[in-house]
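Chemist: I'd like to ask some things about the structure below.
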Amino acid sequence: MATEPRTPLGVLLSAAERALAADLEEGLRSAGYHDLRAAHAQVFAAIDAQGSRLTDLAGRAGMTKQAMGELVRYLEQHDYLHVEPDSRDRRAKLIRPTARGWSAHQASIALLVETDRRLSERLGDQGLRDLRSHLARIGHGDSTP
C-alpha cells in the first residue's frame, strides 16, 4: 500500500512565513512606507521606547549582532532610527525610533492585527488560537501564545 507523499512541515512553515511577509510589505507600501521590508519589523518589535543597545536588540530578535546591525544601519539611513552615544557607556550606542519610525511601527501593528483578523476568518477563532499555541510550542518549547 503506497503512502501519500507529504509536504515537509518546514516547507509549509516557510511558505506561510513568505506569504505573511509579502502581505505585510504590500500593506506597508500602501501606507507609504516603500522602503520597509518585513525583516525590519524585528527591530521595532525588539526596541524599547527609551532606546536600546544593538546587543539587546539582537538578543531579543534571536539574531546575530551583525545581522541586526545591518537592519539598524538601513533604518537609520532611511530616517526610521536615530543612533547616538549611550550616556551610561561611551563605548555603546543607543538606538531610538524617530517619529517616522514610530509611525511605521504603528502602521505595522495595525497591518498585523488585520492579518490576524483575516486568518481568524479562514481558520476560525479556535483554529487561530490552536495555530498560535502550536507555533509557540515549536518555536519556544512551551505553549505561551
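Each number in my numbering comes from the position in the sequence shown (counting from 1) with 10 added on. We put the CB at the ideal spot given by N, CA and C, even for glycine.
(1) Taking the straight line between their C-alpha atoms, what separation do you get for R128 and Y43?
(2) What does a CB cutoff of less than 6 Å around L104 pick up in its chain, not counting 5 residues either side in sequence?
(3) Strictly by DSSP, which residues pair up with H92?
(4) Quick check: the segment 16–32 against the segment 65–79, are there 3 or more CB pairs under 8 Å?
(5) So for R100, helix, strand or coil by DSSP?
(6) For R176 and R63, I'd like the C-alpha separation in whole angstroms.
(7) So which of L133, P107, V123, W112 has the shortest CA-CA distance to D33?
(8) For S62, which residues does DSSP report across the bridge?
(9) Nearest-angstrom Cα distance between R147 and R16?
(10) Is the Cβ-Cβ distance between T125 and L30 less than 8 Å?
(11) Any idea if E35 is buried or exposed, counting beta-carbon neighbours within 10 angstroms, 16 or more meaning buried?
Modeler: According to the data block:
(1) Translated into positions along the sequence shown, residue 128 becomes position 118. Translated into positions along the sequence shown, residue 43 becomes position 33. Looking at the backbone, the Cα of R128 and that of Y43 are separated by about 22 Å.
(2) As a position in the sequence shown, residue 104 is number 94, starting the count at 1. Hits under 6 Å: G61, E94, D96.
(3) Position 82 of the sequence shown, counted from the start, is the residue given in the question as residue 92. Paired residues: R106.
(4) At 8 Å Cβ cutoff, the stretches do not touch.
(5) Taking the first residue of the sequence shown as position 1, residue 100 is located at position 90. Strand, per DSSP.
(6) Here the chain comprises residues numbered 11 to 155, so residue 176 is not present and cannot be evaluated.
(7) Here residue 33 refers to the residue found at position 23 when the sequence shown is read from its first residue. Considering only alpha carbons, the answer is V123.
(8) Working through the sequence shown from its first residue, we reach residue 62 at position 52. DSSP output for S62 lists I105 as bridge partner(s).
(9) Translated into positions along the sequence shown, residue 147 becomes position 137. Translated into positions along the sequence shown, residue 16 becomes position 6. Counting only the Cα atoms, R16 lies some 22 Å from R147.
(10) For the purposes of this step, residue 125 is taken as residue 115 along the sequence shown, with counting starting at 1. For the purposes of this step, residue 30 is taken as residue 20 along the sequence shown, with counting starting at 1. For T125 and L30, yes; Cβs fall inside 8 Å.
(11) Taking the sequence shown and counting its residues from 1, the one referred to as residue 35 is at position 25. When all chains shown are included, E35 counts as buried.
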